[in-house]
Amino acid sequence: MTEYEIIRLGHQGDGIAEGPLFVPLTLPGDVVTGAVDGARLTDVRINTPSEHRVKPVCRHFKSCGGCSLQHAHADFVADWKVQVVQAALAAQGLECEFRPIHTSPARSRRRAVISARRTKKGATAGFHMRASDTITEIPDCQLLHPKLMSALDVAQALALVGVSRKGELSITATLTAHGLDLSVMGGKPLDGPFLAQLAQECERHGLARLCWDGEVIATRLPPTQGFGRAQVTPPPGAFLQATQDGEAALLAAVREIVVDADRIADLFAGCGTFALPLAEEAMVHAIEGERSMMMALDAGWRQAQGLKTVTTETRDLFRNPVMAQDLRFDAVVIDPPRAGAAAQVAELAQSDVSTIAFVSCNPVTFARDAAMLCAAGYTLNWVQVVDQFRWSTHVELVASFTRKQRQNVAAPLTLG
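Residues in the sequence shown are numbered from 129 upward in steps of one, following our numbering.
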């Protein structure tokens, strides 16, 4: 049988041999055999293991699809994630200083999407197996925060009362200051008796909040998140950084970039991850496309003590980016979704903003947007990679951009 040597790791975490052939759960340096099935190798056997290979820390790794790189040494994963960003920038003709990667610890995920179904004997909850709709139970998960693990039992209980045998619940579980916040999708329709039953489940399991297909069923305690001095109650299912440790690392890098700014615009601000902590030192104008998030941010700011002025604006930055002439700030923080922010970055590139803190969860779209900024005269100073999705192929980063102030700067925008 033909042997294949794995020469590199693909962006989805599969090893790649000459061909290319994609080989799941392999690493550069592995020598393997298997059956060729199109562009993939199946029934893989590792004849010579890679020097980067280690024993997975979780007993569920082989069956669970929640992690993809537990078989790789932590140092290898860290180097690989940095190299992914470097390669994306190089493809755009860019390079810069890279700071050491920051990796969140095991068992620190405070947010996860759990799948749950009814079975003949009861219910099951966990993560899907790789490339399968089969759910794997994960009682010894090494990814989730210990306090988030109780969501698995709640998910099973909700499956028993809230979904048919052919259906499946998708449950976004978030750890908050006052317990679990669950947002459930895919369940049976609501009616009077079912509403009462769900409210009882919320009380029985001590949930902070329970939402069903976008409707709040019960709120026992405010499902708050702390952003600096502010306490914010995000709308159901709202975006939140995956770990507190990762959020702190991203925030520290952003603070360093905008340290001298008195007036800051926070684009794609969410519920205030950056805007509210930055308001301890500067006036902030926060812009986000979801009105419910802006309302949550504003309420958090109004209830906090010792913060400078924070103003909010609900705006679709993809269809209606802030024009260059209106970006009259000392610094801009931008944290777009995976698609990046081509339209908004095009306006930033033509603005007089001297400092940009760019947060990204997609190296490819980040590199595209960075090339646009650099072509317009910005300097990409450094990149900090943050790995808060441990043992996955997901990569996040913060980047510092600056340029000398251009002439004929417009009058400052007054916040408030």
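Virtual Cβ for every residue (Gly too), placed ideally from N, Cα, C.
Contact set for Glu223: own chain, Cβ-Cβ below 8 Å, skip 5 residues either direction:
Stepping through the sequence shown from its first residue, residue 223 is reached at position 95. Cβ neighbours of Glu223 beyond the five flanking positions: Gln214 and Leu217.
Pair within 8 Å by beta-carbon distance, Ser488 and Leu445:
Working through the sequence shown from its first residue, we reach residue 488 at position 360. Working through the sequence shown from its first residue, we reach residue 445 at position 317. No; because the gap between Cβ atoms is not below 8 Å, this pair is not in contact.
Exposed unless 16 or more other CB atoms sit within 10 angstroms - verdict on Ser292:
As a working note, residue 292 is residue 164 in the sequence shown. Classification of Ser292: exposed, given that the 10 Å Cβ count is below 16.
Excluding the 5 residues flanking Gly290 on each side, which residues of the same chain have their C-beta closer than 8 Å to its C-beta?
Here residue 290 is taken as the residue at index 162 of the sequence shown, counted from 1. So the qualifying residues of the chain are Leu297, Val312, Gly315, Lys316, Phe322, Leu326 and Trp340.
When you compare only the Cα positions, how much space is there between Ala202 and Ala377?
Stepping through the sequence shown from its first residue, residue 202 is reached at position 74. Stepping through the sequence shown from its first residue, residue 377 is reached at position 249. Roughly 18 Å separates the two Cα atoms.
At least 3 beta-carbon pairs within less than 8 Å: the segment 422–433 vs the segment 351–370:
yes
With 16 other CB atoms within 10 Å as the buried threshold, where does Asn448 fall?
Position 320 of the sequence shown, counting from 1, holds the residue named residue 448. So Asn448 counts as exposed.
Just curious, the alpha helix (DSSP H) that Pro491 is in, first and last residue?
As a working note, residue 491 is residue 363 in the sequence shown. Here the alpha helix (DSSP H) through Pro491 covers Pro491 to Ala503.
Exposed or buried, which one is Ser260 when buried takes at least 16 other CB atoms within 10 Å?
The residue given as residue 260 occupies position 132 in the sequence shown. So Ser260 ends up on the exposed side.
What's the gap between the Cα of Leu395 and the Cα of Leu455?
Here residue 395 refers to the residue found at position 267 when the sequence shown is read from its first residue. Here residue 455 refers to the residue found at position 327 when the sequence shown is read from its first residue. Their backbone Cα atoms lie some 11 Å apart in a straight line.
Span separating the alpha-carbon of Lys294 from that of His230
What you label residue 294 is simply residue 166 of the sequence shown in a count that begins at 1. What you label residue 230 is simply residue 102 of the sequence shown in a count that begins at 1. Using only the alpha carbons, I get a separation of about 42 Å.
Going along the chain, which residues of its own chain have a beta-carbon closer than 7 Å to the beta-carbon of Glu416, five neighbours each way excluded?
Along the sequence shown, one-based indexing puts residue 416 at 288. Excluding sequence neighbours, Glu416 sits near Phe396, Ala397, Gly398, Met422 and Thr442.
Express the C-alpha separation of Arg496 and Ala474 in angstroms, rounding to a whole number.
In the sequence shown, the residue the question calls residue 474 occupies position 346. In the sequence shown, the residue the question calls residue 496 occupies position 368. Cα to Cα, the separation comes out at about 11 Å.
Please report how far the alpha carbon of Asp458 lies from the alpha carbon of Ala477, in whole angstroms.
Taking the first residue of the sequence shown as position 1, residue 458 is located at position 330. Taking the first residue of the sequence shown as position 1, residue 477 is located at position 349. Approximately 14 Å, taken between the alpha carbons.
Among Ala163, Ala498 and Leu406, whose alpha-carbon lies nearest the alpha-carbon of Arg173?
What you label residue 173 is simply residue 45 of the sequence shown in a count that begins at 1. Nearest C-alpha to Arg173: Ala163.
Use the C-beta contact count for Ala95: other C-beta atoms within 10 angstroms, 16 or more gives buried, fewer gives exposed.
No answer is possible for residue 95: it lies beyond the span of the chain, which begins at 129 and ends at 544.
Is the distance from the Cβ of His180 to the Cβ of Pro156 below 8 Å?
Counting from one through the sequence shown, the residue named residue 180 turns up at place 52. Counting from one through the sequence shown, the residue named residue 156 turns up at place 28. Their beta carbons are under 8 Å apart, which means His180 touches Pro156 by this criterion.
Residue environment, Asn490, which counts as buried when at least 16 other CB atoms sit within 10 Å:
Against the sequence shown, residue 490 aligns to sequence position 362. Buried, by the Cβ-count rule.
Run through DSSP, which three-state label would Ile266 get?
Taking the sequence shown and counting its residues from 1, the one referred to as residue 266 is at position 138. Three-state result, Ile266: coil.
With 16 as the cutoff for other CB atoms within 10 Å, does Pro233 come out buried or exposed?
Within the sequence shown, residue 233 is the residue found at index 105, counting from 1. Result: exposed.
Status (buried if at least 16 other CB within 10 Å, exposed otherwise) for His139:
Taking the sequence shown and counting its residues from 1, one reaches residue 139 at position 11. His139 is exposed by the Cβ-count criterion.
Using the C-alpha atoms, what's the distance from Glu329 back to Arg348?
Position 220 of the sequence shown, counting from 1, holds the residue named residue 348. Position 201 of the sequence shown, counting from 1, holds the residue named residue 329. Roughly 11 Å separates the two Cα atoms.
Whole-angstrom distance between Arg391 and Ala407, CA atom to CA atom:
Here residue 407 corresponds to residue number 279 of the sequence shown, with the count starting at 1. Here residue 391 corresponds to residue number 263 of the sequence shown, with the count starting at 1. Computed Cα separation, rounded: 9 Å.
I'd like to check one pair, Leu286 with Ala346: are the Cβ atoms closer than 8 Å?
Locating residue 346 in the sequence shown gives position 218, counting from the first residue. Locating residue 286 in the sequence shown gives position 158, counting from the first residue. Contact: no.
Same chain, Cβ closer than 6 Å to Pro152, neighbours up to 5 away in sequence not counted:
The residue labelled residue 152 in the question sits at position 24 within the sequence shown. Counting only Cβ-Cβ distances below 6 Å, and skipping sequence neighbours, we find Asp142.
In this structure, does DSSP put Ala377 in helix, strand or coil?
Locating residue 377 in the sequence shown gives position 249, counting from the first residue. Reduced to three states, the DSSP call for Ala377 is helix.
Contact check, Leu276 vs Leu303 under 8 Å by CB: the rounded distance?
The residue labelled residue 276 in the question sits at position 148 within the sequence shown. The residue labelled residue 303 in the question sits at position 175 within the sequence shown. Right, the Cβ-Cβ distance comes to about 5 Å (below 8 Å), so this counts as a contact.
Gln472 versus Ala452, Arg466 and Gly334, residue with shortest Cα-Cα distance
Counting from 1 along the sequence shown, the entry for residue 472 is found at position 344. Taking only the C-alpha atoms, the option nearest Gln472 is Ala452.
Nearest CA to the CA of Val511: which residue from Val210, Arg136 and Gly166?
The residue you call residue 511 lines up with position 383 of the sequence shown. Out of Val210, Arg136 and Gly166, Val210 has the C-alpha closest to the C-alpha of Val511.
Once the 5 residues before and after Arg187 are set aside, which same chain residues still bring their CB inside 8 Å of it?
What you label residue 187 is simply residue 59 of the sequence shown in a count that begins at 1. Around Arg187: Asp268.
Going straight from the alpha carbon of Ala538 to that of Val460, what length do you get?
The sequence position of residue 538 within the sequence shown is 410, counting from 1. The sequence position of residue 460 within the sequence shown is 332, counting from 1. With a pLDDT of only 42 at Ala538, under the threshold of 50, the placement of this residue in the model should not be trusted, and no figure is reported.
Please classify Arg237: is it buried, with 16 or more other beta-carbons within 10 angstroms of its beta-carbon, or exposed?
For the purposes of this step, residue 237 is taken as the residue at position 109 of the sequence shown. So Arg237 ends up on the buried side.
So what does DSSP say about Gly307, is it helix, strand or coil?
Start at 1 with the first residue of the sequence shown, and residue 307 comes out as number 179. Strand, per DSSP.
Count the other C-beta atoms from every protein chain shown that fall within 10 angstroms of the C-beta of Ile135, then say buried if there are 16 or more, exposed otherwise.
As a first step, residue 135 is located in the sequence shown; it is residue number 7 there, counting from the start. Exposed.
7 Å Cβ shell around Ser191 - same chain, five flanking residues per side excluded:
Within the sequence shown, residue 191 is the residue found at index 63, counting from 1. Closer than 7 Å at the Cβ level, and outside the excluded window around Ser191, lie Met257 and Thr264.
Does the Cβ of Arg419 have 16 or more other Cβ atoms within 10 Å, making it buried, or fewer, making it exposed?
Within the sequence shown, the letter at position 291 stands for residue 419. Classification for Arg419: exposed.
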